[in-house]
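Have a look at the structure below, then the notes.
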Amino acid sequence: MRVIALFVVLPALAIGQTKSTGSAETKGNCSPANTGNNNTFNITCQGISEKVGAQLIGLLNRVAKNQLDAEAVMAKLDGCLRQLAWRILNTADTDRVINVATVFTRQQFTMRSFNEQEEPSQLREALHNILVSAGWLFVPTNHVMIGVSLVGVSIEVPPSHASAFEPAASALASILNQVGVKAVERLNPGEEDHPDMITIRIGTKPQE
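Okay, here's the thing in C-alpha coordinates:
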(Lines of atoms letter the chains of each structure in order from A and count residues from 1; the text may use other names and numbers.)
(Lines give C-alpha, C1' and ligand atoms only; values in the text may rest on other atoms or scores of the structure.)
Protein backbone atom coordinates (compact mmCIF):
# COMPACT_ATOMS: atom_id res chain seq x y z
CA MET A 1 0.00 0.00 0.00
CA ARG A 2 1.37 3.41 -0.96
CA VAL A 3 0.93 5.95 1.85
CA ILE A 4 2.21 9.54 1.73
CA ALA A 5 2.54 11.56 4.96
CA LEU A 6 2.40 15.34 4.60
CA PHE A 7 3.33 17.75 7.38
CA VAL A 8 1.75 21.20 7.19
CA VAL A 9 2.03 24.04 9.71
CA LEU A 10 -1.16 26.10 9.97
CA PRO A 11 -1.53 29.40 11.87
CA ALA A 12 -3.73 29.42 14.96
CA LEU A 13 -6.40 31.56 13.33
CA ALA A 14 -6.84 28.98 10.58
CA ILE A 15 -7.54 26.26 13.13
CA GLY A 16 -9.90 28.33 15.24
CA GLN A 17 -8.85 26.86 18.61
CA THR A 18 -5.84 26.99 20.90
CA LYS A 19 -6.25 23.92 23.08
CA SER A 20 -4.50 20.65 22.32
CA THR A 21 -6.63 18.20 20.37
CA GLY A 22 -5.17 15.09 21.94
CA SER A 23 -5.66 11.88 19.99
CA ALA A 24 -7.29 12.51 16.60
CA GLU A 25 -9.09 10.01 14.41
CA THR A 26 -9.91 10.93 10.83
CA LYS A 27 -11.13 9.10 7.76
CA GLY A 28 -10.81 9.51 4.00
CA ASN A 29 -8.25 9.24 1.22
CA CYS A 30 -6.39 12.17 2.70
CA SER A 31 -7.02 12.66 6.42
CA PRO A 32 -5.82 15.54 8.61
CA ALA A 33 -4.99 15.19 12.30
CA ASN A 34 -3.89 18.10 14.50
CA THR A 35 -0.92 16.88 16.53
CA GLY A 36 -1.34 19.62 19.15
CA ASN A 37 2.28 20.62 18.56
CA ASN A 38 2.58 24.20 17.24
CA ASN A 39 -0.56 23.74 15.16
CA THR A 40 1.13 21.14 12.98
CA PHE A 41 -1.18 18.92 10.92
CA ASN A 42 -0.07 15.40 10.07
CA ILE A 43 -1.96 14.53 6.87
CA THR A 44 -1.80 10.91 5.72
CA CYS A 45 -2.77 10.22 2.11
CA GLN A 46 -3.29 6.69 0.81
CA GLY A 47 -2.79 5.61 -2.77
CA ILE A 48 -1.15 8.70 -4.28
CA SER A 49 2.25 9.07 -5.88
CA GLU A 50 5.19 10.89 -4.30
CA LYS A 51 4.99 13.51 -7.06
CA VAL A 52 1.36 14.30 -6.23
CA GLY A 53 2.28 14.32 -2.53
CA ALA A 54 4.97 16.94 -3.13
CA GLN A 55 2.50 19.09 -5.07
CA LEU A 56 0.02 18.83 -2.20
CA ILE A 57 2.59 20.06 0.30
CA GLY A 58 3.08 23.23 -1.71
CA LEU A 59 -0.66 23.70 -2.18
CA LEU A 60 -1.52 23.23 1.49
CA ASN A 61 1.20 25.56 2.70
CA ARG A 62 -0.16 28.25 0.38
CA VAL A 63 -3.61 27.58 1.85
CA ALA A 64 -2.15 27.96 5.35
CA LYS A 65 -0.80 31.42 4.58
CA ASN A 66 -4.32 32.56 3.64
CA GLN A 67 -5.66 31.22 6.97
CA LEU A 68 -8.44 29.14 5.44
CA ASP A 69 -10.35 26.56 7.46
CA ALA A 70 -8.27 23.39 7.38
CA GLU A 71 -11.15 20.90 7.66
CA ALA A 72 -13.13 22.58 4.89
CA VAL A 73 -10.10 22.53 2.64
CA MET A 74 -9.41 18.87 3.38
CA ALA A 75 -13.04 17.91 2.67
CA LYS A 76 -12.75 19.36 -0.82
CA LEU A 77 -9.26 17.98 -1.29
CA ASP A 78 -10.39 14.48 -0.36
CA GLY A 79 -12.92 14.55 -3.18
CA CYS A 80 -10.17 15.39 -5.65
CA LEU A 81 -7.84 12.76 -4.23
CA ARG A 82 -10.53 10.11 -4.56
CA GLN A 83 -10.03 10.36 -8.31
CA LEU A 84 -6.25 10.03 -7.97
CA ALA A 85 -6.09 7.37 -5.27
CA TRP A 86 -5.11 3.84 -6.24
CA ARG A 87 -7.50 0.94 -5.79
CA ILE A 88 -6.24 -0.43 -2.48
CA LEU A 89 -7.60 -3.46 -0.64
CA ASN A 90 -7.14 -3.16 3.11
CA THR A 91 -6.80 -6.15 5.42
CA ALA A 92 -10.55 -6.53 5.97
CA ASP A 93 -11.28 -6.33 2.22
CA THR A 94 -8.52 -8.81 1.48
CA ASP A 95 -9.95 -11.29 3.98
CA ARG A 96 -13.42 -10.96 2.43
CA VAL A 97 -12.11 -11.70 -1.06
CA ILE A 98 -10.06 -14.65 0.20
CA ASN A 99 -13.08 -16.11 2.01
CA VAL A 100 -15.12 -16.04 -1.21
CA ALA A 101 -12.32 -17.27 -3.48
CA THR A 102 -11.44 -20.17 -1.17
CA VAL A 103 -14.73 -21.83 -2.13
CA PHE A 104 -13.25 -22.29 -5.62
CA THR A 105 -9.80 -23.45 -4.58
CA ARG A 106 -7.56 -24.85 -7.35
CA GLN A 107 -9.29 -22.67 -9.94
CA GLN A 108 -6.77 -21.88 -12.67
CA PHE A 109 -6.39 -18.26 -13.72
CA THR A 110 -4.13 -15.86 -15.57
CA MET A 111 -3.88 -12.06 -15.35
CA ARG A 112 -3.19 -9.15 -17.68
CA SER A 113 -2.86 -5.42 -17.13
CA PHE A 114 -1.37 -2.30 -18.64
CA ASN A 115 2.21 -3.02 -17.61
CA GLU A 116 3.35 0.55 -18.26
CA GLN A 117 0.84 1.96 -15.76
CA GLU A 118 1.62 1.70 -12.05
CA GLU A 119 -1.92 1.71 -10.66
CA PRO A 120 -3.32 -1.24 -12.68
CA SER A 121 -0.05 -3.12 -12.17
CA GLN A 122 -0.16 -2.82 -8.37
CA LEU A 123 -3.80 -3.96 -8.34
CA ARG A 124 -2.90 -6.94 -10.51
CA GLU A 125 -0.14 -7.90 -8.06
CA ALA A 126 -2.46 -7.49 -5.07
CA LEU A 127 -5.22 -9.62 -6.61
CA HIS A 128 -2.68 -12.23 -7.72
CA ASN A 129 -1.42 -12.60 -4.15
CA ILE A 130 -4.96 -12.76 -2.76
CA LEU A 131 -6.10 -15.47 -5.17
CA VAL A 132 -2.96 -17.55 -4.67
CA SER A 133 -3.53 -17.28 -0.90
CA ALA A 134 -7.04 -18.62 -1.51
CA GLY A 135 -5.66 -21.67 -3.31
CA TRP A 136 -6.15 -20.54 -6.90
CA LEU A 137 -3.54 -21.71 -9.41
CA PHE A 138 -1.84 -18.99 -11.45
CA VAL A 139 -0.89 -19.90 -15.02
CA PRO A 140 1.52 -17.44 -16.68
CA THR A 141 0.89 -16.56 -20.33
CA ASN A 142 2.71 -14.38 -22.84
CA HIS A 143 -0.26 -12.14 -23.57
CA VAL A 144 -0.05 -8.41 -22.77
CA MET A 145 -2.62 -5.63 -23.04
CA ILE A 146 -1.56 -3.23 -25.79
CA GLY A 147 -3.87 -0.87 -27.64
CA VAL A 148 -6.83 -1.99 -25.54
CA SER A 149 -9.21 0.40 -23.79
CA LEU A 150 -10.42 -1.20 -20.57
CA VAL A 151 -11.84 0.46 -17.48
CA GLY A 152 -12.23 -1.54 -14.28
CA VAL A 153 -11.62 -5.27 -13.87
CA SER A 154 -12.89 -7.78 -16.44
CA ILE A 155 -13.10 -11.43 -15.34
CA GLU A 156 -13.39 -13.46 -18.52
CA VAL A 157 -14.47 -17.04 -19.13
CA PRO A 158 -14.07 -19.08 -22.36
CA PRO A 159 -17.58 -20.06 -23.56
CA SER A 160 -16.58 -23.72 -23.84
CA HIS A 161 -16.05 -23.79 -20.05
CA ALA A 162 -18.88 -21.48 -19.00
CA SER A 163 -20.63 -23.97 -16.75
CA ALA A 164 -17.39 -24.86 -14.98
CA PHE A 165 -15.87 -21.38 -14.54
CA GLU A 166 -18.76 -18.91 -14.38
CA PRO A 167 -19.61 -19.58 -10.71
CA ALA A 168 -16.07 -18.68 -9.63
CA ALA A 169 -15.82 -15.71 -12.00
CA SER A 170 -19.20 -14.34 -10.96
CA ALA A 171 -18.45 -14.73 -7.26
CA LEU A 172 -15.10 -12.98 -7.66
CA ALA A 173 -16.65 -10.07 -9.59
CA SER A 174 -19.37 -9.72 -6.97
CA ILE A 175 -17.03 -9.55 -3.97
CA LEU A 176 -14.68 -7.14 -5.73
CA ASN A 177 -17.58 -4.77 -6.34
CA GLN A 178 -18.57 -5.08 -2.70
CA VAL A 179 -15.10 -3.97 -1.55
CA GLY A 180 -15.03 -1.03 -3.96
CA VAL A 181 -13.22 -2.43 -7.00
CA LYS A 182 -15.46 -2.18 -10.07
CA ALA A 183 -15.52 -5.57 -11.81
CA VAL A 184 -17.59 -7.47 -14.36
CA GLU A 185 -17.76 -11.13 -15.38
CA ARG A 186 -18.29 -12.03 -19.02
CA LEU A 187 -17.90 -14.73 -21.63
CA ASN A 188 -15.11 -14.03 -24.12
CA PRO A 189 -14.61 -16.30 -27.17
CA GLY A 190 -11.15 -14.80 -27.50
CA GLU A 191 -10.08 -16.72 -24.42
CA GLU A 192 -10.55 -20.08 -26.17
CA ASP A 193 -6.78 -19.95 -26.77
CA HIS A 194 -6.55 -20.79 -23.06
CA PRO A 195 -9.82 -22.65 -22.41
CA ASP A 196 -8.74 -24.22 -19.14
CA MET A 197 -8.52 -21.02 -17.08
CA ILE A 198 -10.17 -17.74 -16.13
CA THR A 199 -8.55 -14.59 -17.48
CA ILE A 200 -8.54 -11.50 -15.26
CA ARG A 201 -7.86 -8.22 -17.07
CA ILE A 202 -6.99 -5.18 -14.96
CA GLY A 203 -7.93 -1.93 -16.67
CA THR A 204 -7.63 1.66 -15.52
CA LYS A 205 -9.51 3.00 -12.51
CA PRO A 206 -13.06 4.16 -13.32
CA GLN A 207 -13.70 7.89 -12.87
CA GLU A 208 -16.44 8.70 -10.37
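The C-terminal residue of the sequence shown carries number 210 in the working numbering, and the numbering is unbroken.
The beta-carbon is built from N, C-alpha and C at its ideal position, and this holds for glycine as well.
Contact under 8 Å by Cβ, residue 105 with residue 174: no
For residue 118, the three-state DSSP class (helix, strand or coil): coil
Pair within 8 Å by beta-carbon distance, residue 189 and residue 164: yes
Same chain only: Cβ atoms within 8 Å of residue 132, ignoring 5 sequence neighbours per side: 91, 96, 99, 100 and 103
Selected residue, minimal CA-CA separation from residue 171, among 183, 181 and 156: 156
Cut-off 8 Å between Cβ atoms - residues of its own chain near residue 162, not counting five sequence neighbours on either side: 194 and 197
Supposed close pair residue 125, residue 177 - CB separation, criterion 8 Å: The Cβ separation is near 15 Å, so there is no contact.
Through-space distance from residue 112 to residue 141, alpha-carbon basis: 5 Å
Burial state of residue 87, where buried means 16 or more other Cβ atoms lie within 10 Å: buried
Beta bridge counterpart(s) of residue 110 as assigned by DSSP: 139
CB-CB length for residue 109 against residue 138, believed under 8 Å: 5 Å
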